[in-house]
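To keep things clear, I will list the structure first and then write my remarks on it.
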Amino acid sequence: MQTHKAKRVAIIIEAPMERRLRKTLEDAGVTGYSILPVTGGSGRSGSWSAEGQVGMAGGMVQVVCIVKPERLDALLDSAFSVVERHIGVVTVSDCEVLRAERF
Amino acid sequence: MQTHKAKRVAIIIEAPMERRLRKTLEDAGVTGYSILPVTGGSGRSGSWSAEGQVGMAGGMVQVVCIVKPERLDALLDSAFSVVERHIGVVTVSDCEVLRAERF
Amino acid sequence: MQTHKAKRVAIIIEAPMERRLRKTLEDAGVTGYSILPVTGGSGRSGSWSAEGQVGMAGGMVQVVCIVKPERLDALLDSAFSVVERHIGVVTVSDCEVLRAERF
Amino acid sequence: MFGIKYMEAVLDDFLSLATTNLISPLILSFVLGVCAALGRSDLVFPEAAAKALSIYLLFAIGMKGGVSVADHGVDLRLGGAIIAGIILSAALPLIAFKLLGIMTALDRTNAAAVAAHYGSISIVTFVAGTSVLESAGIASDGFMVAVAAAMEAPAILSALWLISRGDSETRMDATLWREIMLNGSIVLLVGAFAIGMIVGKEGMADVESFFVSPFKGALCLFLLDMGLVAGRGLRRSRNVLTLGLLGFGFLMPLIGSAAGAALGLLIGLPAGSLFLLMVLSASASYIAVPAAMRVAVPEADPGIYLTLSLGVTFPFNLTLGLPIYLALATLLTGG
Amino acid sequence: MFGIKYMEAVLDDFLSLATTNLISPLILSFVLGVCAALGRSDLVFPEAAAKALSIYLLFAIGMKGGVSVADHGVDLRLGGAIIAGIILSAALPLIAFKLLGIMTALDRTNAAAVAAHYGSISIVTFVAGTSVLESAGIASDGFMVAVAAAMEAPAILSALWLISRGDSETRMDATLWREIMLNGSIVLLVGAFAIGMIVGKEGMADVESFFVSPFKGALCLFLLDMGLVAGRGLRRSRNVLTLGLLGFGFLMPLIGSAAGAALGLLIGLPAGSLFLLMVLSASASYIAVPAAMRVAVPEADPGIYLTLSLGVTFPFNLTLGLPIYLALATLLTGG
Amino acid sequence: MFGIKYMEAVLDDFLSLATTNLISPLILSFVLGVCAALGRSDLVFPEAAAKALSIYLLFAIGMKGGVSVADHGVDLRLGGAIIAGIILSAALPLIAFKLLGIMTALDRTNAAAVAAHYGSISIVTFVAGTSVLESAGIASDGFMVAVAAAMEAPAILSALWLISRGDSETRMDATLWREIMLNGSIVLLVGAFAIGMIVGKEGMADVESFFVSPFKGALCLFLLDMGLVAGRGLRRSRNVLTLGLLGFGFLMPLIGSAAGAALGLLIGLPAGSLFLLMVLSASASYIAVPAAMRVAVPEADPGIYLTLSLGVTFPFNLTLGLPIYLALATLLTGG
Ligand SMILES: Nc1ncnc2c1ncn2[C@@H]1O[C@H](COP(=O)(O)O)[C@@H](O)[C@H]1O
Ligand SMILES: Nc1ncnc2c1ncn2[C@@H]1O[C@H](COP(=O)(O)O)[C@@H](O)[C@H]1O
Ligand SMILES: Nc1ncnc2c1ncn2[C@@H]1O[C@H](COP(=O)(O)O)[C@@H](O)[C@H]1O
Ligand code: NA
Ligand code: NA
Ligand code: NA
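Residue numbers (our numbering), protein chains in the order written: chain C, 59 to 161; chain W, 59 to 161; chain H, 59 to 161; chain U, 636 to 970; chain L, 636 to 970; chain D, 636 to 970.
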């Protein structure tokens with residue numbers, strides 16, 4: 059099967075910031091991403107879990123974008139402007155995709 | 059710790075196609091996969107979020123398979139037969155696994 | 059954007075083991091991880107899905123840790139002590155992170 | 636002279652009916668949801684709660700229907716009504732498809748996909764219809780629930796036939812067919828109907844304070860969520876809504892209800908049941924059919940068919956449609 | 636002569652009881668769920684809704700028990716019943732283990748894991764039992780809820796002891812022990828029981844229209860979900876079900892109920908409570924014990940123990956078991 | 636002499652009130668939740684169910700308020716009460732900020748973030764307050780629901796102003812402002828209030844057996860979950876709770892309620908409404924404000940503000956606060 063190089067960017071960020079991150083990504087021309095729920099975790103600010111919450115203030119979400127390598131930097135710049143003061147974890151890894159024309 | 063090379067295939071596809079994809083994978087001899095919920099996203103067909111839905115028609119799921127490198131092509135071929143006309147996003151990346159005998 | 063090498067460890071394990079894995083990781087000094095829900099899957103022990111369950115005995119969760127490369131072995135050792143007799147799937151892959159000081 | 640007086644009385648009736656309907660807690664909850672979504676409030680209904688509520692509503696409405704049939708005996712009209720329903724479900728997509736060809740620029744695939752929705756039904760609109768009937772104190776046949784179930788699927792077949800006559804192919808297979816026939820809402824409706832028929836009034840008494848008394852209140856919350864969903868859908872897809880599509884979304888339910896009225900009169904349905912058949916014909920699916928289209932016709936754009944059925948026709952039926960159909964049904968049966 | 640007449644009367648009673656039970660909305664809802672799952676309908680109950688319903692049911696049943704104890708004063712039999720329950724829970728796994736050795740080819744670990752389930756209890760079967768009692772107009776002691784809670788855990792200890800006598804090791808530690816003793820359903824049952832005892836009838840009046848009147852209807856929906864789960868489990872695991880296992884799944888509840896009856900008579904329980912102790916002994920756990928086994932005995936196959944307890948014994952108890960146990964309990968107490 | 640007798644009578648009243656409150660199913664459910672969480676039971680309430688319950692409670696309380704206003708006509712005091720509420724919400728953070736400066740070592744940002752919570756309100760405390768009023772048979776004005784809604788947001792502005800006077804910057808923009816003003820609970824409260832005003836007593840009758848009769852029972856389950864959340868929060872964050880913070884968490888609600896009492900008397904509120912205004916002033920937000928702080932002041936530590944408002948002040952108000960405020964309100968209005 060013919061595959062093409064791409065980058066997978068995963069951003070874990072506070073749920074109340076989801077809307078802003080989505081908007082920023084869309085403004086930066088990143089049209090493809092998916093959002094996965096995160097139900098718990100641990101970090102410098104202690105550990106948490108979705109069941110122990112009222113309201114969404116404490117929750118996190120993971121935003122996953124698959125992008126062409128050449129669009130990585132623009133994506134990271136715009137994402138960073140949102141997560142900068144926040145606790146978001148940003149990872150980038152290599153991957154291959156089918157149907158490169160979609161990215 | 060002793061690790062072994064493997065491939066991680068992640069397929070994001072419409073929820074109503076989940077059953078078919080599962081069946082196709084199982085028919086192709088891929089016995090190991092996990093399904094993760096996707097609660098929102100954006101793509102060429104616009105942006106969506108699970109809360110804004112009635113019925114599952116609009117939702118997506120992510121299917122993750124860890125396979126031995128030599129079984130990658132068979133997996134991709136069978137997965138592609140399902141996603142071909144659909145909006146699925148298929149990514150492949152390298153990884154290492156513990157306990158290779160399980161894959 | 060300046061990025062730094064890191065490792066992404068993903069562990070899929072039975073939900074009733076989540077607490078133990080968290081504790082073991084924390085005891086081993088791994089303070090950063092996130093937990094993602096898994097809603098179905100298939101493996102040597104057959105296929106399952108979260109909707110067909112009462113109680114959590116049958117469910118799985120995915121624990122994702124981003125760590126500095128030099129801390130990978132300690133993490134794997136401690137994780138393995140938990141998953142050893144269990145059905146957990148452990149994968150390791152390379153990634154890059156922003157803000158290395160956080161890991 | 637008399638004719639005009641009569642029409643005036645009918646109009647008065649209709650207006651008071653429309654007002655009662657529009658200021659009922661049900662419709663107001665829906666409107667609140669739409670407004671909250673249009674104002675981009677972060678109010679959301681958890682998906683699981685919405686699904687649970689819909690299971691509750693389907694079970695309750697199915698059981699009530701069954702109990703009422705057990706109570707009044709099976710009526711000869713049952714068979715006629717079900718056949719009428721199947722014919723309507725199968726035929727309306729053909730009309731809708733033609734109308735879309737005239738009013739819009741949709742390609743064959745998208746037009747057929749939209750048409751499928753209008754042949755099938757929206758069970759929530761049906762439930763709201765039974766609430767309106769109840770408030771108006773008009774009886775209806777319990778078996779109309781079975782008619783609703785029978786009308787879910789035939790429309791899909793018609794649409795797939797329309798598509799296969801063009802050059803695109805559809806992914807219709809036995810699996811999909813079983814999925815459609817055994818989709819959750821059909822199974823619940825028919826199953827609860829059967830349970831109601833078996834346990835009868837006596838068995839119902841046991842569970843009445845769960846399935847009957849709180850029903851309307853639960854429907855309020857569900858309509859609040861439907862309003863949120865419809866409003867969010869509208870906001871997101873306003874750009875796909877051309878004037879032609881919008882017009883279709885308002886016109887087609889009227890045509891559907893007229894067709895329903897014609898067949899209903901033919902088989903001699905009384906006012907209440909006639910009204911419900913009109914409501915079913917006027918309503919458009921937004922659960923079963925979209926899921927089937929996603930699988931069978933992935934090329935069709937969900938943005939179009941979901942927005943039309945959920946964002947345009949559903950609110951129209953709920954607010955203006957119901958009183959119109961009820962006024963007509965009473966008029967036509969000389970009630 | 637008289638004896639035969641009497642037995643005929645008892646049989647008649649039993650048959651009418653069984654019929655009433657089988658055509659109650661509760662059982663029919665369960666059957667609907669099983670059928671939908673076996674027919675591979677896509678009907679699913681959201682996990683969150685099922686959990687919420689079970690919290691509601693546990694809280695309601697616990698509170699009712701507490702209120703009833705507050706009302707009638709603490710009975711001397713309370714202590715006896717709890718001790719009987721603990722003995723049953725600890726002893727039944729030993730019997731089940733032996734029986735599995737005779738009837739099936741399961742290895743030691745799997746047999747012990749299965750056995751643990753049959754010593755412990757299914758609270759939903761208990762709740763359904765109280766519903767059957769209520770319909771039959773037979774009173775029972777409020778403290779039976781406490782007995783149910785007491786029977787959850789001892790069986791696990793017995794099973795782990797069985798395993799540790801073989802060569803495999805189990806993962807039993809203080810953490811697991813605390814998890815078992817403070818598992819959600821025990822905490823809810825005991826907590827709500829205590830609340831009921833404190834607030835009494837008067838406090839209950841405030842919340843009756845939430846916890847009492849809609850109870851049966853809510854139980855219907857929950858049993859619908861249980862039916863879906865049981866049916867899906869059966870479909871997925873039909874190949875693990877050998878004839879021997881199947882036979883065990885039907886036989887063991889009968890043995891359990893007999894043991895329950897013996898101890899219950901010994902401590903002088905009246906008909907209603909005797910019936911409930913039999914139900915508890917006959918029922919098999921499918922929530923607390925599976926979770927504990929997953930941690931303590933990961934080598935045991937969940938496909939076997941879950942399928943047996945949820946797919947075989949639970950439906951058996953719900954449909955045929957309950958009327959059998961009730962007929963016996965009435966017979967034995969000369970009711 | 637007389638004064639002491641009177642005080643004794645008041646104290647008696649207060650004690651009996653406190654006892655009634657403490658042994659109500661509501662508070663006991665909360666206590667059960669706290670204990671389960673502190674004992675590390677795995678009892679959890681599914682997130683979706685908790686959200687659904689809170690939507691139900693907000694809708695019900697809003698609608699009841701609206702119906703009551705429709706019933707009694709709009710009162711002149713409505714305007715006064717809303718203005719009083721806004722002033723309290725805006726001013727209390729300033730007091731809280733000062734107090735934190737004296738009692739704790741929090742930096743400016745964290746102190747301001749905590750202060751914001753105490754100006755705003757906890758709607759669950761308010762709902763529990765209305766339940767206490769009902770049990771005590773004291774009437775209150777329906778419009779207090781609108782006052783509750785009006786008090787949600789001003790506190791956030793005050794806190795952001797406090798922060799911006801220091802050197803750290805906040806992320807306040809139009810988007811956040813809209814999010815705060817149109818957050819789910821404000822929209823639900825105000826929307827349901829409006830619906831209640833439109834449909835009045837008559838429309839309410841239709842949905843009473845959903846929104847009114849089961850209300851208290853549903854509140855029990857919700858408080859059980861709140862107890863679980865509060866307990867878990869406490870366990871996780873016990874190390875952030877210095878003595879100073881703890882003292883603040885108990886003292887500030889008393890100060891808030893005193894301020895509420897002063898303004899309430901000034902505008903002539905009768906006992907019931909005065910009590911509710913005191914409750915609103917005493918309570919601290921744990922939904923709307925934390926979400927806003929996460930966005931606007933990410934540097935502030937959620938562990939501090941959530942633990943204080945949810946783990947300390949909420950339980951305090953629920954158990955001891957409510958009877959204290961009610962005794963004072965009756966005393967002050969000479970009731
Ligand atoms: N190294 C990591 N790997 C995966 N997730 C992390 C990591 N560090 C933090 N997180 C997630 O981000 C949240 C906030 O992290 P922190 O700001 O460090 O408290 C945590 O609760 C986790 O859900
Ligand atoms: N580049 C991408 N990265 C991650 N997810 C994507 C991407 N493109 C599409 N998706 C997901 O696939 C769905 C459908 O994509 P599309 O067919 O492009 O509208 C989106 O709503 C996303 O959930
Ligand atoms: N190769 C794999 N890739 C992804 N997930 C897997 C894989 N193998 C097993 N799993 C997950 O682990 C669970 C248990 O696996 P098993 O022990 O093989 O039955 C499965 O139900 C899947 O959710
Ligand atoms: Na229709
Ligand atoms: Na048992
Ligand atoms: Na306040």
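Backbone N, C-alpha and C fix where the C-beta goes; we use that ideal spot for every residue, glycine too. A quick note: this is a predicted structure, and the numbers were derived from the prediction, not measured.
- Residues of chain H with a Cβ closer than 9 Å to the Cβ of L/Glu934 are, in chain order, Arg143.
- Distances from the CB of L/Leu915 to the heavy atoms of ligand 5 include at least one below 7 Å.
- By the Cβ-count criterion, L/Tyr641 is exposed, with fewer than 16 other Cβ atoms from all chains shown falling within 10 Å of its own Cβ.
- Taking the Cβ of C/Cys153 as the reference point, every heavy atom of ligand 2 lies at 7 Å or farther away.
- Between L/Ala790 and L/Ala751, the C-beta gap is smaller than 8 Å, which places the two residues in contact.
- Checking the 7 Å criterion, the Cβ of H/Val96 is within range of a heavy atom belonging to ligand 3.
- Shown here for C/Cys153: same chain residues with a beta carbon closer than 6 Å to its own, the five before and five after excluded, namely Ala64 and Arg66 in chain order.
- The beta-carbon separation of L/Gly668 and L/Asp802, rounded to 41 Å, does not stay under the 8 Å limit for a contact.
- Pairing L/Gly899 with L/Met913, the inter-Cα distance amounts to about 8 Å.
- Under the Cβ distance rule, C/Met118 does not count among the residues neighbouring chain D, no pair being separated by less than 8 Å.
- Short note on U/Gly895: C-beta not closer than 7 Å to any heavy atom of ligand 5.
- Distances between the C-beta of D/Ser908 and the heavy atoms of ligand 3 are all 7 Å or more.
- Take U/Glu934, set aside five residues on each side of it, and the residues of its chain with a beta-carbon closer than 6 Å to its own are Thr744, in chain order.
- Taken from the Cβ of L/Gly899, every heavy atom of ligand 5 lies 7 Å or farther away.
- Contact check for D/Ala926 against C/Pro95 fails: the beta carbons are separated by 8 Å or more.
- Residue range Val147 to Val155 is occupied by the beta strand (DSSP E) that includes H/Val148.
- If you compare the alpha carbons of L/Leu723, L/Pro958, L/Phe949 and L/Leu797 with that of L/Ala748, the shortest gap goes to L/Leu797.
- If you ignore the 5 residues before and after D/Ser944, its C-beta comes within less than 6 Å of the C-beta of His752, Ala919 and Tyr921, all in its own chain and listed in chain order.
- Counting only residues of its own chain and dropping the five nearest sequence neighbours on each side, L/Tyr960 has a CB closer than 7 Å to the CB of Ser892, Phe910, Met913, Val914 and Ala917.
- Spanning the alpha carbons of D/Leu692 and D/Gly701 requires a straight line of approximately 14 Å.
- Residue side-chain check: U/Leu727 places its Cβ nearer than 7 Å to a non-hydrogen atom of ligand 4.
- Of the other Cβ atoms in all chains shown, 16 or more fall within 10 Å of the Cβ of U/Thr965; this residue is therefore buried.
- Of the candidates H/Ala68, H/Gly87 and H/Gly98, the residue whose Cα lies closest to the Cα of C/Arg102 is H/Gly87.
- Apart from sequence neighbours up to five positions away, the residues of its chain that approach W/Phe161 with a beta-carbon distance below 7 Å are Ala64, Gly90, Ile124, Val125, Lys126 and Val155, ordered along the chain.
- In the structure shown, the three-state DSSP call for H/His144 is coil.
- For the C-beta of L/Ser844, the chain D residues within less than 8 Å are, from N- to C-terminus, Ser844, Ser848, Pro849 and Gly852.
- At least one heavy atom of ligand 3 is found less than 7 Å from the C-beta of W/Tyr91.
- At least one heavy atom of ligand 5 lies closer than 7 Å to the C-beta of L/Tyr753.
- In terms of beta-carbon proximity, L/Ala747 stays away from the interface with chain D, with every pair separated by 8 Å or more.
- The bridge partners DSSP lists for C/Lys65 are C/Val125 and C/Asp152.
- Of the other Cβ atoms in all chains shown, fewer than 16 fall within 10 Å of the Cβ of D/Lys733; this residue is therefore exposed.
- Listed along chain L is no residue with a C-beta nearer than 9 Å to that of H/Pro127; the closest approach is about 31 Å.
- Taken in chain order, the complete beta strand (DSSP E) segments of 3 or more residues contained in the stretch 761 to 806 of chain D number zero; there are none.
- Between the alpha carbons of L/Ala809 and L/Arg870 lies a distance of about 37 Å.
- Under the 8 Å criterion on CB atoms, D/Glu837 is classed as non-interfacial with respect to chain C.
- Across the set U/Val847, U/Phe828 and U/Leu795, the C-alpha of U/Leu795 shows the shortest separation from the C-alpha of U/Ile815.
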